[in-house]
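Below: one structure, written as structure tokens.
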Amino acid sequence: MLLAASTQVVIQKVQQAFSDLERGRGYLVHDDVYEGLVKIGFSLDSPAFYTVCESFDQKKNGRFRLDDFISLCIFVQSSRNLFNSFDTSKQGRVTLDLNQFIYCTANCRI
16 MLLAASTQVV
26 IQKVQQAFSD
36 LERGRGYLVH
46 DDVYEGLVKI
56 GFSLDSPAFY
66 TVCESFDQKK
76 NGRFRLDDFI
86 SLCIFVQSSR
96 NLFNSFDTSK
106 QGRVTLDLNQ
116 FIYCTANCRI
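With the working numbering as the guide, the letters of the sequence shown map in order to residues 16 to 125.
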């Protein structure tokens, strides 16, 4: 399966951020994940950040391996893209009816 060029670029940025932050441990902790997201261009508030971390921390040990971090970042990028498609006035807010909400959540599943 070939990845879209934009996805390949995101994965390269994610891999570089992981490499810069893992400090020889082979994993990131929450603070590293947050710093990595900022480095890649994502800014999440605390509730969103901790919820997404909880969802992608497969072993529930607060350690994010490269594959966990890539999955988390692809999810955030996909969510941003989907959000932007509904934020037609570019105000950073959207209003969704139930059908639109279900469409969005179904499209954000990995």
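Glycine included, every Cβ here is placed at the ideal spot set by N, Cα and C.
Model, not experiment: these values are computed from the prediction.
Option in the options with minimal Cα separation from residue i
i   : options                  : result
K28 : D72, I89 and F116        : I89
R78 : F116, V48 and I117       : V48
V44 : Y65, L59, A121 and I55   : Y65
R95 : D83, S70 and V109        : V109
F57 : G107, D102, Y118 and Q92 : Q92
Cβ neighbour criterion (16 or more within 10 Å) applied to residue i
i    : result
L87  : buried
Q23  : exposed
G51  : buried
F116 : exposed
L111 : exposed
L113 : exposed
F84  : buried
Sub-8 Å separation of residue i and residue j beta-carbons
i    : j   : result
C123 : L81 : no
Three-state secondary structure (DSSP) of residue i
i   : result
F90 : helix
F57 : coil
L17 : In this prediction, L17 has a pLDDT of 46, which is less than 50 and means its spatial position is unreliable; what the coordinates show is noted afterwards. Correct three-state label for L17: coil.
First and last residue of the uninterrupted alpha helix (DSSP H) at residue i
i    : result
F116 : L113 to C123
F71  : S61 to F71
The ligand GDP heavy atom lying under 7 Å from the CB of residue i
i   : result
F84 : The model on display carries no ligand, and the ligand GDP is accordingly not part of it.
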